[in-house]
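Each remark here refers to the structure printed beneath this line.
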Amino acid sequence: MQLCLNEQQRRDLMQRGFSRRNFGRIAAMISAGGALPFYNEPAMAQLSAVRNMPPDAVKINANENPLGPCPEALEAIHKVAKDGGRYLYEETFGFTELLAEQEGVKANYVQPYAGSSAPLHQAVLGFTGPNKPYVAADPGYESGAGAARFIGAPVIKVPLLSNYAHDVKRMAAASDNAGLIYICNPNNPSGTLTPKADIEWLVANKPKGTIVMIDEAYTHIAGAPFNSDLVQKDKDVILLRTFSKIYGMAGIRAGAAIARPDLLEKIRGWSSGALPVTGMVAATASLKSKTVVPERRKIIGDVRADVLGFMDKHNFKYVPSVSNKFMVDTGRPAGEVIEALRKEKVYIGRPWPVWPTHVRVSIGTQDEMNKFKTAWLKVMA
């Protein structure tokens with residue numbers, strides 16, 4: 002398995018504190034195509050539940066967009082499907098150039114991916130190690146931390162502030178040798194926003210050599226400012242974009258990392274293979290649409306406002322969200338409520354250890370959320 006690593010990669014790994022004994026695990030992640038070659042217990046439990054889900058279930062457990070791809074994306078997929086026997090790299094090039102143009106950067110500042118999980122995991126491979134910790138919020142999206150632990154990099158969790166924003170000052174001070182500081186904005190699972198000024202402060206005051214990764218998976222939904230300007234200024238920043246959320250392409254897979262070419266080179270070396278042409282053409286068509294983002298932002302926002310109003314009406318405590326999910330306090334062990342809702346054919350998200358009585362609820366269609374509200378009142382009674 003060490004043959005998967007070139008000499009330059011081996012030297013870099015040694016400089017970050019890895020021993021040759023670690024190389025097998027690194028190679029395992031490479032052979033997994035950027036996907037983690039393991040599951041944690043909560044993920045396994047959720048996967049088992051999905052496999053046994055009845056066809057009429059309300060599935061609001063994975064921050065998906067039930068609206069699916071926009072009409073333009075569906076038409077592009079239909080047209081290209083007949084040529085699926087070809088790699089069609091030109092479609093990937095076209096997507097890269099269009100996204101770069103829209104973000105105000107050169108094309109070599111954009112690296113396309115099938116979603117955003119692979120560049121997150123590969124950034125962990127590229128920048129963290131036994132001597133280079135991974136820093137993230139708590140609660141926060143756990144995938145990067147899982148990758149860091151798997152390869153032996155320390156994980157430092159920093160609690161959210163009282164307003165549920167990232168505590169950027171504590172994150173900057175968490176380690177003077179941090180390899181990667183991860184910011185998901187809006188945060189997953191809380192759905193809350195960290196002000197752009199705070200992110201700019203973090204980039205300006207982080208330890209020298211530390212990379213700030215900003216996951217903008219949910220930024221379209223919140224209508225919040227993006228951080229392309231930081232990349233335009235050649236800061237130590239990597240942006241993650243995915244088409245899984247507002248664009249409704251979770252099962253089709255398209256995304257990108259946006260950063261300085263030298264930073265992309267550090268993660269590009271851990272990836273391989275052509276990208277799905279259906280994902281590339283659907284993503285390109287989605288970017289060209291002038292209506293899909295504002296229309297869906299309003300749809301999701303209206304359904305979210307309705308369900309949070311329901312929570313207010315019945316005096317349930319929740320974390321205010323600007324995203325397509327929210328955390329609600331059950332007042333008792335979260336697993337009990339999750340299991341009780343499953344018996345009502347309503348599937349919600351998993352709990353986070355730091356908030357043991359909270360559950361994450363994704364925003365579905367209005368009909369799905371109406372069914373959720375009925376089941377919720379029954380279970381919480």
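The working numbering puts the first residue of the sequence shown at 2, with every later residue one more than the last.
The C-beta atom is built at its ideal place from N, Cα and C for all residues, glycine as well.
Bear in mind that the values here come from a model prediction, so they are computed numbers and not experimental data.
* Could you tell me the distance, in whole angstroms, from the CA atom of Val156 to the CA atom of Leu342? => Start at 1 with the first residue of the sequence shown, and residue 156 comes out as number 155. Start at 1 with the first residue of the sequence shown, and residue 342 comes out as number 341. Approximately 33 Å, taken between the alpha carbons.
* To do: Verify whether the separation of the beta carbon atoms of Ser229 and Gly105 is less than 8 Å.
  => Within the sequence shown, numbered from 1, the residue matching residue 229 stands at position 228. Within the sequence shown, numbered from 1, the residue matching residue 105 stands at position 104. A contact, by the Cβ cut-off of 8 Å.
* To do: Answer with buried or exposed for Pro120, where buried requires no fewer than 16 other C-beta atoms within 10 angstroms of its C-beta.
  => Walking along the sequence shown from the start, residue 120 turns up at place 119. By the 10 Å Cβ count, Pro120 comes out buried.
* Count the other CB atoms, across all protein chains shown, that sit within 10 Å of the CB of Asp303; report buried if there are 16 or more and exposed otherwise. => Translated into positions along the sequence shown, residue 303 becomes position 302. Classification for Asp303: exposed.
* Asked: Hey, which unbroken runs of the beta strand (DSSP E) at 3 residues or more fall wholly within the stretch 52 to 79?
  -> 59 to 61
* Enumerated in chain order, which unbroken segments of the beta strand (DSSP E) with a length of 3 residues or greater are wholly contained in the stretch 289 to 361? -> 326 to 330 and 347 to 349
* Asked: Grouping DSSP H, G and I as helix and E and B as strand, with all else coil, what is Leu194?
  -> Counting from 1 along the sequence shown, the entry for residue 194 is found at position 193. Note: Leu194 maps to coil in three-state DSSP.
* Thinking C-beta only, is Ala137 closer than 8 Å to Lys170? -> Residue 170 sits at position 169 when you count from the first residue of the sequence shown. Residue 137 sits at position 136 when you count from the first residue of the sequence shown. No, Cβ-Cβ distance for Lys170 and Ala137 is not below 8 Å.
* Asked: Candidates Ser191, Ile364 and Ala225: which alpha carbon is nearest Trp356's?
  -> Translated into the one-based positions of the sequence shown, residue 356 becomes position 355. Checking every option, the nearest Cα to that of Trp356 belongs to Ser191.
* From the DSSP output, in three-state form, read off Arg17 for me. => Within the sequence shown, residue 17 is the residue found at index 16, counting from 1. Note: Arg17 maps to coil in three-state DSSP.
* Does the Cβ of Glu102 have 16 or more other Cβ atoms within 10 Å, making it buried, or fewer, making it exposed? -> Here residue 102 is taken as the residue at index 101 of the sequence shown, counted from 1. With fewer than 16 Cβ atoms within 10 Å of its Cβ, Glu102 is classed as exposed.
* Asked: How is the beta strand (DSSP E) around Gly242 delimited, first residue to last?
  -> Here residue 242 corresponds to residue number 241 of the sequence shown, with the count starting at 1. First, the amino acid is wrong: residue 242 is Arg here, not Gly. Residues Val238 to Thr243.
* To do: Excluding the 5 residues preceding and the 5 following Lys374 in the sequence, name in chain order all residues of the same chain whose CB lies nearer than 6 Å to its CB.
  => Walking along the sequence shown from the start, residue 374 turns up at place 373. Closer than 6 Å at the Cβ level, and outside the excluded window around Lys374, lie Phe311.
* Helix, strand or coil at Ile222 [DSSP, three-state] -> For the purposes of this step, residue 222 is identified with residue 221 of the sequence shown, where counting begins at 1. Residue state, collapsed to three classes: helix.
* Distance, Cα to Cα, Lys234 vs Met250? -> Translated into positions along the sequence shown, residue 234 becomes position 233. Translated into positions along the sequence shown, residue 250 becomes position 249. Those two C-alpha atoms are separated by around 30 Å.
* Through-space distance from Asn325 to Pro67, alpha-carbon basis -> The residue you call residue 67 lines up with position 66 of the sequence shown. The residue you call residue 325 lines up with position 324 of the sequence shown. Near 11 Å, if we compare the C-alpha coordinates of Asn325 and Pro67.
* Per DSSP, which one or two residues make a beta bridge with Met214? -> As a first step, residue 214 must be located in the sequence shown, where it is residue number 213. Paired residues: Tyr183 and Ile239.
* Which residue's Cα is closest to the Cα of Pro334: Val320, Ser287, Pro321 and Pro352? -> Along the sequence shown, one-based indexing puts residue 334 at 333. The shortest C-alpha separation from Pro334 is found at Pro352.
* **Through-space distance from Thr331 to Val360, alpha-carbon basis** => Working through the sequence shown from its first residue, we reach residue 360 at position 359. Working through the sequence shown from its first residue, we reach residue 331 at position 330. Each residue's alpha carbon lies about 7 Å from the other.
* Can you give me the start and stop residues for the alpha helix (DSSP H) that Pro120 sits inside? => Translated into the one-based positions of the sequence shown, residue 120 becomes position 119. Ser118 to Phe128 is the extent of the alpha helix (DSSP H) around Pro120.
* Does the ligand GTP have a heavy atom nearer than 7 Å to the CB of Val59? -> The ligand GTP is not among the ligands present in this structure, which contains no ligands whatsoever.
* **Where Ala275 sits in the DSSP three-state scheme** => Position 274 of the sequence shown holds residue 275. Note: Ala275 maps to coil in three-state DSSP.
* To do: Take Ser1 and list the residues in its own chain whose beta-carbon comes closer than 8 Å to its own, dropping the five residues that flank it on each side.
  => Look at the range of the chain in this structure, 2 to 382, and you will see that residue 1 is not part of it.
* Alpha-carbon to alpha-carbon, Lys60 and Ala225 -> Walking along the sequence shown from the start, residue 225 turns up at place 224. Walking along the sequence shown from the start, residue 60 turns up at place 59. Spanning the two alpha carbons is a distance of roughly 27 Å.
* Asked: Three or more C-beta pairs closer than 8 Å, one from the stretch 164 to 182 and one from the stretch 83 to 102: is that the case here?
  -> no
* **Span of the beta strand (DSSP E), counted from its first residue to its last, around Val380** => Against the sequence shown, residue 380 aligns to sequence position 379. Val380 -> not in any beta strand (DSSP E); alpha helix (DSSP H) instead, spanning Gln367 to Met381.
* Asked: Nearest-angstrom Cα distance between Leu99 and Ile184?
  -> Taking the sequence shown and counting its residues from 1, one reaches residue 99 at position 98. Taking the sequence shown and counting its residues from 1, one reaches residue 184 at position 183. Cα to Cα, Leu99 sits roughly 25 Å from Ile184.
* Indicate the three-state DSSP secondary structure (helix, strand or coil) for Ile364 in the structure shown. => Start at 1 with the first residue of the sequence shown, and residue 364 comes out as number 363. Here Ile364 sits in coil by DSSP.
* Which of helix, strand or coil DSSP assigns to Gln9 -> If you number the sequence shown from 1, residue 9 lands on position 8. Looking at Gln9 - three-state DSSP - the assignment turns out to be helix.
* Asked: In chain order, what residues of the same chain lie with their CB nearer than 7 Å to the CB of Val294, ignoring the 5 residues before and after it?
  -> What you label residue 294 is simply residue 293 of the sequence shown in a count that begins at 1. Closer than 7 Å at Cβ, skipping near neighbours: His221 and Ile247.
* **C-alpha gap between Asn186 and Asn64, whole angstroms** => The count along the sequence shown starts at 1 and reaches residue 186 at position 185. The count along the sequence shown starts at 1 and reaches residue 64 at position 63. Cα to Cα, the separation comes out at about 14 Å.
* Nearest-angstrom Cα distance between Pro70 and Thr292? -> In the sequence shown, residue 70 corresponds to position 69, counting from 1. In the sequence shown, residue 292 corresponds to position 291, counting from 1. Going by the C-alpha atoms only, they are around 13 Å apart.
* **Presumed contact (8 Å Cβ cut-off) between Ala115 and Ala255, rounded CB distance** => Residue numbering aside, residue 115 sits at position 114 when the sequence shown is read from its first letter. Residue numbering aside, residue 255 sits at position 254 when the sequence shown is read from its first letter. The Cβ separation is near 7 Å, so the contact holds.
* Return the residue from the list Arg269, Leu14 and Asp57 that minimises the CA-CA distance to Lys372. => Within the sequence shown, numbered from 1, the residue matching residue 372 stands at position 371. Comparing Cα positions, the closest option is Asp57.
* Helix, strand or coil: how does DSSP classify Lys170 here? -> Counting from 1 along the sequence shown, the entry for residue 170 is found at position 169. Lys170: helix per DSSP, three-state reduction.
* **Cut-off 7 Å between Cβ atoms - residues of its own chain near Tyr110, not counting five sequence neighbours on either side** => The sequence position of residue 110 within the sequence shown is 109, counting from 1. Within the same chain, Tyr110 has close Cβ partners Ala101, Val232, Ile259, Ala260, Arg261 and Pro262.
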